[in-house]
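Q: Residues -23 to -1, 1 to 521 (mature numbering (1 follows the signal peptide of the UniProt record, and there is no 0)) make up the sequence shown, in order.
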Amino acid sequence: MKINLYRGTWFLFFTFHLLAVSAQTLTQEMVDVRLSQVKNKTGRGNRNEPILKLTVTTDGKSPVTYTNIRLNMKGTTSIEDITGIKIYTTGDVDIFDPAQANTYLKLGECKPMNGDFDCRLNGEQSMTTQYLWITYDISEYAMEGHLADAEVLSLSTTGGIFDLSETTVEGAREILLSCKRIYAPGEKGSKSYRIPAIITAKDGSLVIATDRRKDNSTDLPEDIDVIVNRSTDGGKTWSDAITIARGTGRYQGYGDAALARTQEEGGLICIFVGGTGFFESTSEVSNRTYICKSSDNGQTWTEPKDITDQLFGKGCSDSVRYDWHGSFCASGAGLLGCDGTVYFVFAVRETAARGIADISNYVYYSRDNGETWHVSSCVKQDNGNEAKIVELNDGTLLVSIRNQHKGPRYYATSKDKGQSWSGIEEWPEMVEPGCDGDIIYYTSIKEGYDKNRMLHSVPAHPSKRENVSVYLSYDEGKTWPVVKSICPVGSAYSSLCILEDGTIGAYVEVEDGLGYYSMYFVNFSLDWLTDGADHFIANSAREE
């Protein structure tokens, strides 16, 4: 067996080379067939989800006319989870995008069945190398955690029947409550989308913020918009984008948004930076920090307000921060503390030095819903980076910090609301490749739930940005005994939220073979995360 990672449409492939055996004299020769299986997640209601890829190599002497494929749904947990099967070819293009299925040649379709069955095909291809895709439509009522799989017994053309010596490969696609692409590179006139943030508003709607990187995938000072979308049905459908900060050219863009609630009715705050890039910023000509606010759970937003002079730079009244050179907020979730304070963690360049090792971390916070801002003492001096913050039951602040050197993730705590901080410690079970992640409180005994539960997302890989996973802690971040992958392929930044029904939402950057990241919303339950060992119990007292 040879295992390859193909960058199709967010595909992890396990590949076998299969020698074809012909029962007839052929008008063309099929030299080789490679059967590859998609292994990443899918979601309820998804259509045209690739399950298997067949790479067919011919001698190229004449076109191949496909007539039949013999299948078995072996490995599929329940055929009731699948509502339809379709076979497509993308010619000699090794990419399948479910959203573009109507642009591909559909060779045939059939209903799910038990046992071996035939799916009639009708289509011709003349390329030396051709790609066929077996796709499933997933039921809206499919069971979370069930698998979708298939095996290919034979492939027929007008030249004969080819019995495959190896009919299946390891792996299957696991069904989640939702696994939905929100943005793909090239859509709506933008070459790239990056930098996820997600939050559940007070009315239960989901709100996401994204960088619309119009010309390329590079950070500021490129021309970038901050856009917001909203869902009122748990992530099944999303509103059109609202541009809350529109870039108007290089050095005039915005990006790196984070979201938090405020104490106000329907209140949300989005904080982001703009202008010059972080490493180009100086105390004289600094990158700027902005906020936009919503009082209707993300439906409308104020114009960007520049708060930089309250934080650092030549407009700042603080004699130390007056000389700081730049800062930016880690995208994702901010924090609304129990006392109404809004917190975000920033990466800061205190001097003119431009190295990664010269970044420190500070907390910016507001006690009046974003009108005025204050700065904590230093959380981590040097070798800091993107970081997130949560509040523990006793009021302690916990900051999780990206390990720029790759390895166990850093953290620090403060028992006096950021006036002082503990020494930097590491989570040995959370080894990451130097990447932004998210940390949120899930359930708290203090709020009447049965257990303390905290969640953390980050790529679970020592050196590569892939395999974004979610960790679960029962002791307020001391240990992380549970971890499960939500994206086993190339994937990077992620943000977490809790839906009204107690399930977990994630907004994730995913590599899917289209050149840049695509942005996916993923939804799953605590039962799935813990393999059935733990269950969410609604807090009736809190609901009242």
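Where a beta carbon is used, it is the ideal one built from N, C-alpha and C, also for glycine.
Could you give the DSSP three-state label for threonine 4: helix, strand or coil?
A: Counted from its first residue, the sequence shown places residue 4 at position 27. Any reading at threonine 4 must be qualified, since the residue scores a pLDDT of 43, below 50, and its modelled position is unreliable; no value is offered.
Q: In angstroms, rounded to a whole number, what distance separates the CA positions of isoleucine 333 and threonine 239?
A: As a position in the sequence shown, residue 333 is number 356, starting the count at 1. As a position in the sequence shown, residue 239 is number 262, starting the count at 1. If I take the Cα positions, the gap works out to 32 Å.
Q: How many angstroms separate the CA atom of phenylalanine 323 from the CA atom of lysine 213?
A: What you label residue 323 is simply residue 346 of the sequence shown in a count that begins at 1. What you label residue 213 is simply residue 236 of the sequence shown in a count that begins at 1. In a straight line, the C-alpha of phenylalanine 323 is about 32 Å away from that of lysine 213.
Q: Could you tell me whether the stretch 165 to 185 touches the stretch 147 to 156, using the rule of 3 or more Cβ pairs below 8 Å?
A: Contact between the stretch 165 to 185 and the stretch 147 to 156 is absent, because fewer than three Cβ pairs lie under 8 Å.
Q: Residues in the same chain with beta-carbon distance under 7 Å from residue 527, minus the five sequence neighbours each way, listed in chain order, please.
A: Because the chain is modelled from -23 through 521, residue 527 falls outside the range shown and cannot be assessed.
Q: Helix, strand or coil: which one does DSSP assign to arginine 118?
A: The count along the sequence shown starts at 1 and reaches residue 118 at position 141. Rather than arginine, the amino acid found at residue 118 in this sequence is tyrosine. If DSSP states are grouped into helix, strand and coil, tyrosine 118 belongs with coil.
Q: Determine, using beta carbons only, whether serine 337 and valine 325 come nearer to each other than 8 Å.
A: Indexing the sequence shown from 1 puts residue 337 at position 360. Indexing the sequence shown from 1 puts residue 325 at position 348. Result yes, Cβ atoms of serine 337 and valine 325 sit closer than 8 Å.
Q: Does the beta-carbon of isoleucine 422 have 16 or more other beta-carbons within 10 angstroms, so that it is buried, or is it exposed?
A: Stepping through the sequence shown from its first residue, residue 422 is reached at position 445. Answer is exposed; the Cβ neighbour count stays below 16.
Q: Could you work out which residue in Val356, Ser131 and Lys291 is closest to threonine 44 when comparing CA atoms only?
A: Reading the sequence shown from its first residue, position 67 is the one you call residue 44. Measuring from the Cα of threonine 44, the nearest candidate turns out to be Ser131.
Q: So is threonine 225 buried or exposed if we call it buried at 16+ other beta carbons inside 10 Å?
A: What you label residue 225 is simply residue 248 of the sequence shown in a count that begins at 1. Flag for threonine 225 reads exposed.
Q: Which whole-angstrom value describes the C-beta separation of glycine 400 and isoleucine 378, a residue pair presumed to lie in contact below a C-beta threshold of 8 Å?
A: Residue 400 sits at position 423 when you count from the first residue of the sequence shown. Residue 378 sits at position 401 when you count from the first residue of the sequence shown. Not confirmed; about 12 Å, so no contact.
Q: Kindly indicate which three-state DSSP category leucine 153 falls into: helix, strand or coil?
A: Your numbering for residue 153 matches position 176 in the sequence shown. Correct three-state label for leucine 153: strand.
Q: Thinking just about the alpha-carbon of each residue, which of Ala510, Thr67 and Cys464 is nearest to the one in glutamine 102?
A: Working through the sequence shown from its first residue, we reach residue 102 at position 125. Closest option to glutamine 102, Cα to Cα, is Thr67.
Q: Secondary structure at threonine 507, three-state DSSP: helix, strand or coil?
A: Position 530 of the sequence shown holds residue 507. Coil at threonine 507, not helix or strand.
Q: Candidates Met90, Glu143 and Glu57: which alpha carbon is nearest glutamate 117's?
A: Translated into positions along the sequence shown, residue 117 becomes position 140. Of the candidates Met90, Glu143 and Glu57, the one whose C-alpha sits nearest the C-alpha of glutamate 117 is Glu57.
Q: Could you pull out every residue in the same chain whose Cβ sits closer than 8 Å to the Cβ of leucine 124, ignoring the five residues on either side in sequence?
A: By one-based count along the sequence shown, residue 124 stands at place 147. Excluding sequence neighbours, leucine 124 sits near Gly52, Thr53, Thr54, Ala149, Arg150, Glu151 and Ile152.
Q: Ignore the nearest five residues each way along the sequence and tell me which others in lysine 282's own chain have a CB closer than 7 Å to its CB.
A: In the sequence shown, residue 282 corresponds to position 305, counting from 1. Hits under 7 Å: Tyr267 and Ile268.
Q: Given a cut-off of 8 Å, decide if arginine 386 and tryptophan 404 are closer than it, judged by their beta-carbon atoms.
A: Within the sequence shown, the letter at position 427 stands for residue 404. Within the sequence shown, the letter at position 409 stands for residue 386. Against a cut-off of 8 Å, the Cβ pair of arginine 386 and tryptophan 404 comes out as a contact.
Q: Output the residue ranges of the beta strand (DSSP E) runs that lie fully inside the stretch 341 to 420 and measure 3 residues or longer, sorted by chain position.
A: Within the stretch 341 to 420, the complete beta strand (DSSP E) runs of at least 3 residues are 364 to 368, 374 to 378, 384 to 391, 402 to 409 and 415 to 420.
Q: Could you tell me which residues DSSP pairs with glutamate 249 in its beta bridges?
A: The residue labelled residue 249 in the question sits at position 272 within the sequence shown. Residue identity check: residue 249 is phenylalanine in the sequence provided, not glutamate. Tyr267.
Q: Can you say whether glycine 395 is buried or exposed, counting buried as having 16 or more other CB atoms within 10 angstroms of its CB?
A: On the sequence shown, position 418 is the one that residue 395 refers to. So glycine 395 ends up on the buried side.
Q: Quick one: grab the DSSP three-state call for arginine 207.
A: The residue labelled residue 207 in the question sits at position 230 within the sequence shown. In the structure shown, arginine 207 sits in a strand (DSSP, three-state: E or B).
Q: Can you tell which of Thr34, Val184 and Asp140 has the C-alpha that lies nearest to the C-alpha of tryptophan 215?
A: Residue mapping note: residue 215 aligns to position 238 of the sequence shown, counting from 1. Selected option, being the one with the closest Cα: Val184.
Q: Is it true that the CB of glycine 211 sits closer than 8 Å to the CB of isoleucine 115?
A: Taking the first residue of the sequence shown as 1, we reach residue 115 at position 138. Taking the first residue of the sequence shown as 1, we reach residue 211 at position 234. For isoleucine 115 and glycine 211, no; Cβs fall outside 8 Å.
Q: Using only CA atoms, which one of Trp301, Phe249 and Tyr494 lies nearest to glycine 311?
A: Start at 1 with the first residue of the sequence shown, and residue 311 comes out as number 334. Closest option to glycine 311, Cα to Cα, is Phe249.
Q: Per DSSP, which residues does alanine 310 bridge with? Please list them.
A: If you number the sequence shown from 1, residue 310 lands on position 333. For alanine 310, which the question treats as bridged, DSSP gives the partners Leu236.
Q: In three-state DSSP terms, what is alanine 178?
A: Within the sequence shown, numbered from 1, the residue matching residue 178 stands at position 201. Correct three-state label for alanine 178: coil.
Q: Which residues in the same chain have their Cβ closer than 7 Å to the Cβ of glutamate 443, if we skip the five residues on either side of it in sequence?
A: Stepping through the sequence shown from its first residue, residue 443 is reached at position 466. The residues are Pro436, Val466, Gly467 and Ser468.
Q: If you follow the beta strand (DSSP E) that arginine 331 is part of, which residue opens it and which one closes it?
A: Position 354 of the sequence shown, counted from the first residue, corresponds to residue 331. It is not in any beta strand (DSSP E) - arginine 331 carries neither H nor E in the DSSP assignment.
Q: In three-state terms, what does DSSP make of asparagine 79?
A: For the purposes of this step, residue 79 is taken as residue 102 along the sequence shown, with counting starting at 1. Helix, per DSSP.
Q: What does a CB cutoff of less than 7 Å around threonine 285 pick up in its chain, not counting 5 residues either side in sequence?
A: By 1-based counting over the sequence shown, the position of residue 285 is 308. Correct list, in chain order: Ser263, Arg265, Thr266 and Gly292.
Q: The beta strand (DSSP E) that contains arginine 190, what's its start and end?
A: Here residue 190 is taken as the residue at index 213 of the sequence shown, counted from 1. Arginine 190 -> beta strand (DSSP E) spans 183 to 190.
Q: Give me the residue from Gln381, Tyr426 and Tyr231 with the minimum Cα distance to glutamate 409.
A: Stepping through the sequence shown from its first residue, residue 409 is reached at position 432. Measuring from the Cα of glutamate 409, the nearest candidate turns out to be Gln381.
Q: By Cβ distance below 6 Å, which residues in the same chain neighbour phenylalanine 321 in space, the five residues on each side in sequence not counted?
A: The count along the sequence shown starts at 1 and reaches residue 321 at position 344. Closer than 6 Å at Cβ, skipping near neighbours: Ala235, Ile248, Cys306, Gly311 and Tyr341.
Q: How about glycine 232 and leucine 197: are their beta carbons less than 8 Å apart?
A: Translated into the one-based positions of the sequence shown, residue 232 becomes position 255. Translated into the one-based positions of the sequence shown, residue 197 becomes position 220. Yes; because the gap between Cβ atoms is below 8 Å, this pair is in contact.
Q: Looking only at its own chain, which residues have a Cβ that is under 8 Å from the Cβ of tryptophan 278, when we skip the five neighbours before and after it?
A: If you number the sequence shown from 1, residue 278 lands on position 301. Closer than 8 Å at Cβ, skipping near neighbours: Val205, Ile219, Ile221, Cys247, Cys269, Lys270 and Ser271.
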